[in-house]
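S.K.: Chains Y and X are the protein sequences, given in the same order. This note's numbering puts the first residue of the first sequence at 788, with every later residue one more than the last. This note's numbering puts the first residue of the second sequence at 788, with every later residue one more than the last. The C-beta atom is built at its ideal place from N, Cα and C for all residues, glycine as well. Computed from a prediction, not measured in an experiment: that's the story for all the values here. Structure below; questions to follow.
Number of protein chains: 2
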Amino acid sequence: MDEKLIKKIRSAEIICVGTELLMGHTLNTNAGYIARELAELGIPSYRQTVIGDNVDRLLLQIKESASRSDLVILTGGLGPTTDDLTMETAAKAAGLPMAFHEESYRALTKIFERFGRVMTENNMKQAVLPYPAEILPNTNGTAPGAMFDCPAPNDEDPQHAASLILLPGPPSEVVPMFTLSVRPILEELAPFRFRTAYVHLIGIGESAAETRVKDLIDAQINPTIAPYASEGECMFRVTQRIDTDQDPDLLTPMLDELKIRFGEHIYEIGTRSMKEVAYDLLLAGGKTISFAESCTSGMVSSELGDIPGASRVFTGSVISYDNRIKRDVLGVSDEILSSYGAVSEECALAMAQGCRDLMKTDIAVSITGIAGPEGGSDEKPVGLVYMAISDSEGTSVQKMQAVGNRMRVRRVTTLQVFNMIRKRLL
Amino acid sequence: MDEKLIKKIRSAEIICVGTELLMGHTLNTNAGYIARELAELGIPSYRQTVIGDNVDRLLLQIKESASRSDLVILTGGLGPTTDDLTMETAAKAAGLPMAFHEESYRALTKIFERFGRVMTENNMKQAVLPYPAEILPNTNGTAPGAMFDCPAPNDEDPQHAASLILLPGPPSEVVPMFTLSVRPILEELAPFRFRTAYVHLIGIGESAAETRVKDLIDAQINPTIAPYASEGECMFRVTQRIDTDQDPDLLTPMLDELKIRFGEHIYEIGTRSMKEVAYDLLLAGGKTISFAESCTSGMVSSELGDIPGASRVFTGSVISYDNRIKRDVLGVSDEILSSYGAVSEECALAMAQGCRDLMKTDIAVSITGIAGPEGGSDEKPVGLVYMAISDSEGTSVQKMQAVGNRMRVRRVTTLQVFNMIRKRLL
């Protein structure tokens, strides 16, 4: 890369280009991914912008961003179609010409050969790139990325130039390109370094959690504490800024204080999600698990199945939407179904036991409830869920009243299922 | 609302406030949701910005956005904690004082009573709001929203003022507030109106699809055609701008042309997703369905279960990660498992038949494959998937080679399963 770029990056921002993002047809996961990577690298990022495939607005945006930030990462608009204009527009902002790039052309030809597809004329465009630039190869798609300098003077520095990094739109291409090509470059350019810990809490709301550490937040200098809430759980990010690896450890005393204040609400100090914590406990204990899912209809199983290697602990599940399946496959008695109903402690217990017998796993978990929007009553409102867990020591049941729409009820229930597994295995 | 606001909105932008968004800890779904709503309303939106909980930067951003757009919708930062500063900052940008709002205070008190929780002092803050403003009640959370005028002269109009609309952060609060309070206001203020149709395609790539209609796109004036690609499928948005309902229908001739060019690649002209198309066909045909899932591990069942009323067609599923479940629960023979393996045509066929026998449904679908990243071989690479469908007319199997990581393989497979159901029911 250009010698001029070897300077510390004090600030970054992200521009995601694409009318499909601007119209809300595609969910923008790139901005969050890159933001997390920048945070890990210790590069402060202050802004994310979504803008359509419009040359004039994009050109203005690149110039504006380049003038106030040292690094501007763009995603999207590198595709082969006529509305993909990011590469030309960024080159224009930087005052660079476009030139045919032999190596990228050869890579493109190979991709089309491998998939046995015919290269259309508009694909050719993806081998025409700014010059000079550092070209970033794309091992998962046809569009190469690029990194180059964009002169953009500002009030403080008439020599100011931002580094532009252009990546394609599809997340499945962005992630490997960032990992292989971008991160190694940025690691050299980060201005500070951080020691960071994430403290994950369950069973306490964001507001109550913050109130409990208000004195620590008010007094914070280094390390800092920031609360984050997400669906059904919350988190504190504790960050110590360091100059060298020899700096004294200020994180551990703060984490110890949080442990005292939150006790069993803490399910993880690290980056694992609740399901990963549960999975690791299952793996460490050499336990197998199965599920009998009704209202979650496979969401718990699917979430566990997301984890590579899930099959080492996960045997299988029965999704029993229909009561007939609860009876015929899981062995829930007609008496339970008629006396207590499918959404009841009794049914949850019988489902878990039946599932464990059928699947022959060390642990079986059942979920039955009312996800809504229909099917609720005064006695059994929407959001009422029973979860039971069965192992060699017995079977126990837990009642929960979730709040929110169908999707939220199912997601919060899924989180609680993994929490129940975690608590059983601790 | 303020009389001054009764003017046509020519441009809008969205600002999402929250350090958790800026750091990438929370996925930004609000921007996309509001963008889609604005598009439906015929209000052009040109920009989405994510910014942290920082008063100075937020104030600058609001002023900048207000000066170039007629409408600025903000989400986030209305919570009770000390870093929630959007309401005060927006009031400051608009030059409005903050005042105690009796009605919002009463609503807050009621919410805490209903959940039997104690109101902390920082919750009180949510009843202190800009004055004068249109207060938007929040039926799903503690933070009310607000709408007010923000004077922001620009080069073209020294009298320019933008309408600011402030909404909370959680999507489960944003959606009902937008629907109940915001949309009715904006309907009156949209500058144009549109007739829009979405043409959803499967089995053809974005580049090939665009090439096939390049002449139409190059010649477009009204209606316009825009292509969008997402995982495993692509879409055209066809939009006719109209002045009155009496304008001649220019959409139908264009849709007829697209039908001729894409034929069976079109699975939907409308807003339904593939799974909704499959669900509606099942419902219309009075058919019940069950699944035997291996590599998708419940994702197909969970996706179908997302649809309210899914239980009308969906009986249940067996997730058979372990071969023992394929054999003992689904009745796949040892011979098939040992001679052909779990990932084979033969196993998929036996799983579908066994599932249909067990679940007693009209249709059963099986999925077995290698999601990766481990478990692949030269003969059976990662991404190889077999899907079989069984009904009273017989059982057939389909082979697919998916490309991408574990999540993508599972998601593209799930899409193809619903497509297979759709094709069987047509």
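So, at 8 Å on beta carbons, what are the nonlocal neighbours of Val961(Y) in its own chain, with the 5 sequence-adjacent residues on each side left out?
M.R.: Asn817, Tyr820, Ile821, Thr862, Leu954 and Pro955.
S.K.: Listing by chain order, which chain X residues have their CB less than 7 Å from the CB of Ile1112(Y)?
M.R.: Within 7 Å Cβ-Cβ: Thr1102, Gly1103 and Met1146.
S.K.: Return yes when the Cβ of Leu828(X) is within less than 8 Å of the Cβ of Thr876(X), no when it is not.
M.R.: Taking 8 Å as the Cβ cut-off, Thr876(X) and Leu828(X) do not qualify as a contacting pair.
S.K.: When the Cα atoms are used, what is the spatial distance from Ile1154(Y) to Ile1053(X)?
M.R.: So the two alpha carbons sit approximately 38 Å from each other.
S.K.: Note the first and the last residue of the continuous alpha helix (DSSP H) segment covering Tyr820(X).
M.R.: Start and end: Asn817 to Leu828.
S.K.: Below 8 Å, can you find three or more Cβ-Cβ pairs linking the stretch 896-909 of chain X to the stretch 1038-1052 of chain Y?
M.R.: Because the criterion of three Cβ pairs below 8 Å is not met, the stretch 896-909 of chain X and the stretch 1038-1052 of chain Y do not touch.
S.K.: What runs of the alpha helix (DSSP H), each 4 residues or longer, lie entirely inside the stretch 881-947 of chain X?
M.R.: Segments of the alpha helix (DSSP H) lying fully in the stretch 881-947 of chain X: 889-901 and 908-911.
S.K.: For Val1196(X), would you say it is in contact with chain Y, using Cβ-to-Cβ distances shorter than 8 Å as the test?
M.R.: So, not an interface residue.
S.K.: Determine, for Met788(Y), whether the minimum Cβ-Cβ distance to residues of chain X falls below 8 Å.
M.R.: Legend: pLDDT at Met788(Y) = 40, less than 50; position of this residue unreliable, value from coordinates given subsequently. It does not; no Cβ of chain X falls within 8 Å.
S.K.: By the criterion of Cβ-Cβ separation under 9 Å, what are the contact partners of Glu1161(Y) in chain X?
M.R.: Neighbours of Glu1161(Y) on chain X, chain order: Pro1095 and Gly1096.
S.K.: Got a sec: is the Cβ-Cβ distance from Ser1017(X) to anything in chain Y below 8 Å?
M.R.: So, interface residue.
S.K.: Take the Cβ of Val859(X) as the centre, count every other Cβ of all protein chains shown within 10 Å, and call the residue buried at 16 or more, exposed below.
M.R.: With 16 or more Cβ atoms within 10 Å of its Cβ, Val859(X) is classed as buried.
S.K.: Between which two residues does the beta strand (DSSP E) holding Tyr1178(X) run?
M.R.: Sequence check: residue 1178(X) is Asp here, not Tyr. Leu1171 to Asp1178 is the span of the beta strand (DSSP E), which, as asked, contains Asp1178(X).
S.K.: Could you tell me if Ser1126(X) is buried or exposed, where buried requires 16 or more neighbouring beta carbons within 10 angstroms of its beta carbon?
M.R.: Counting Cβ neighbours within 10 Å, Ser1126(X) comes out exposed, since fewer than 16 surround it.
S.K.: Mapping DSSP to helix, strand and coil, what is Phe1023(Y)?
M.R.: Of the three classes helix, strand and coil, the one that applies to Phe1023(Y) here is strand, per DSSP.
S.K.: Could you give the distance in angstroms between the alpha-carbon of Pro931(X) and the alpha-carbon of Lys1210(Y)?
M.R.: Rounded to whole angstroms, Pro931(X) to Lys1210(Y) spans 37 Å at the Cα level.
S.K.: State the DSSP-derived secondary structure class of Ala977(X), mapped to helix, strand or coil.
M.R.: Reduced to three states, the DSSP call for Ala977(X) is coil.
S.K.: Could you tell me the boundaries of the beta strand (DSSP E) in which Arg834(Y) lies?
M.R.: Arg834(Y) -> beta strand (DSSP E) spans Ser832 to Ile838.
S.K.: Between the Cα of Ser1077(Y) and the Cα atoms of Leu916(Y), Asp1002(Y) and Met1146(Y), which residue gives the shortest distance?
M.R.: Comparing Cα-Cα distances from Ser1077(Y) to each of Leu916(Y), Asp1002(Y) and Met1146(Y), the minimum goes to Met1146(Y).
S.K.: Between Gln1027(Y) and Asn1009(Y), what straight-line distance do the alpha-carbon atoms span, to the nearest angstrom?
M.R.: Cα to Cα, Gln1027(Y) sits roughly 6 Å from Asn1009(Y).
S.K.: Within the 8 Å Cβ cut-off, does Pro1040(X) reach chain Y?
M.R.: With 8 Å as the cut-off, Pro1040(X) does not count as an interface residue toward chain Y.
S.K.: Where does Ile1047(X) land, buried or exposed, given buried means 16+ other C-beta within 10 angstroms?
M.R.: Label assigned to Ile1047(X): exposed.
S.K.: When we look at the beta-carbon of Ala1079(X) and count the other beta-carbons within 10 Å, is it buried (16 or more) or exposed?
M.R.: It counts as buried.
S.K.: For chain X, find out if any of its Cβ atoms is closer than 8 Å to the Cβ of Glu1063(Y); answer yes or no.
M.R.: Not one chain X Cβ lies under 8 Å of Glu1063(Y).
S.K.: Return yes when the Cβ of Ser856(X) is within less than 8 Å of the Cβ of Ala948(X), no when it is not.
M.R.: Contact flag unset, no.
S.K.: In three-state DSSP terms, what is Tyr985(X)?
M.R.: Three-state result, Tyr985(X): strand.
S.K.: Go ahead and pull the three-state DSSP assignment for Ile1012(Y).
M.R.: Of the three classes helix, strand and coil, the one that applies to Ile1012(Y) here is strand, per DSSP.
S.K.: Buried or exposed: which applies to Gly1159(X), given that a residue is buried once 16 or more other Cβ atoms fall within 10 Å of its Cβ?
M.R.: Counting Cβ neighbours within 10 Å, Gly1159(X) comes out buried, since at least 16 surround it.
S.K.: Looking at C-alpha atoms only, which residue of Arg1197(X), Met1138(X) and Ser1107(X) is the closest neighbour of Asp1093(Y)?
M.R.: Comparing Cα positions, the closest option is Arg1197(X).
S.K.: Quick check on DSSP: helix, strand or coil for Cys803(X)?
M.R.: Strand at Cys803(X).
S.K.: How big is the Cα-Cα spacing for Val1152(X) and Ser994(Y)?
M.R.: So the alpha carbons of these two residues sit roughly 46 Å apart.
S.K.: Can a CB atom of chain Y be found closer than 8 Å to the CB of Gly1085(X)?
M.R.: Yes, Gly1085(X) counts as interfacial toward chain Y.
S.K.: What in chain X is Cβ-close to Pro919(Y), meaning under 8 Å?
M.R.: Here the premise fails: no neighbours, minimum Cβ distance about 28 Å.
S.K.: Could you round the C-beta distance between Gly1103(X) and Val1105(Y) to whole angstroms and report it? I think they count as a contact, below 8 Å.
M.R.: So it is a contact: roughly 7 Å between Cβ atoms.
S.K.: Consider the Cβ of Glu867(X): report whether some Cβ of chain Y lies at a distance smaller than 8 Å.
M.R.: This sequence places Pro at residue 867(X); Glu is not what is there. Yes, because at least one Cβ of chain Y sits closer than 8 Å to the Cβ of Pro867(X).
S.K.: Under a three-way DSSP split, which group does Gln1203(Y) fall into?
M.R.: Helix, per DSSP.
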